[in-house]
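The number in our numbering is simply the position in the sequence shown, starting from 1, with 7 added. Presented below is the structure to which this report refers.
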Amino acid sequence: MSRPLEQFPSRLKELRKERHLRQEDLAFDLNVSRQTISKYERGQRQPDYRMLIEIADYFQVSLDYLFGRTDIKLINILDDRVSRWIWPAKVAEDKEKENPPSSAY
């Protein structure tokens, strides 16, 4: 079984390159030094849990993706098309709960 952060260095580098970011750019956005990003990517340093969450949020991926536990990147797997079908049903359901139909007795 692999260690939790074993795949983190390669995942971080992959995500950064997919977005065409330099280490300096990512470091600036995360408010850390370029050397810190470099050490993360080389596996010479591990981020604390707060930084892991910040990185996951920044790239909009799950922690499981960063850890290599899944290859599914997206946090929100519902796209706009699916949301458009679900939202009206949810609104109708909420309205019915607020104003239940009166009985005919």
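All residues carry an ideal CB built from backbone N, CA and C; glycine is no exception.
Which word fits residue i, buried or exposed, when buried means at least 16 other C-beta atoms lie within 10 angstroms of its C-beta?
i: tyrosine 72; result: buried
i: isoleucine 44; result: buried
i: tyrosine 56; result: exposed
i: isoleucine 157; result: For residue 157 there is no data in the structure shown, the boundaries of the chain being 8 and 112.
i: arginine 26; result: exposed
Could you tell me the distance, in whole angstroms, from the CA atom of residue i to the CA atom of residue j?
i: leucine 81; j: leucine 70; result: 10 Å
i: methionine 58; j: asparagine 38; result: 10 Å
i: arginine 76; j: asparagine 106; result: 45 Å
i: lysine 104; j: arginine 49; result: 54 Å
i: phenylalanine 15; j: phenylalanine 35; result: 20 Å
i: glutamine 51; j: glutamine 30; result: 15 Å
i: leucine 22; j: valine 68; result: 9 Å
i: aspartate 32; j: isoleucine 60; result: 18 Å
i: proline 54; j: leucine 19; result: 11 Å
i: lysine 24; j: phenylalanine 66; result: 11 Å
So the candidates are the options; which of them puts its Cα closest to the Cα of residue i?
i: leucine 12; options: Gln30, Asp78, Phe74; result: Phe74
i: serine 17; options: Gln67, Glu31, Lys46; result: Lys46
Checklist entry - Which parts of the segment 10-34 are runs of the alpha helix (DSSP H), unbroken and 4 residues or longer, counting only runs that do not cross its ends? => result 15-25
Length-filtered (4 minimum) alpha helix (DSSP H) runs lying within the segment 44-72
Runs of the alpha helix (DSSP H) lying entirely within the segment 44-72, each at least 4 residues long, are 56-66 in chain order.
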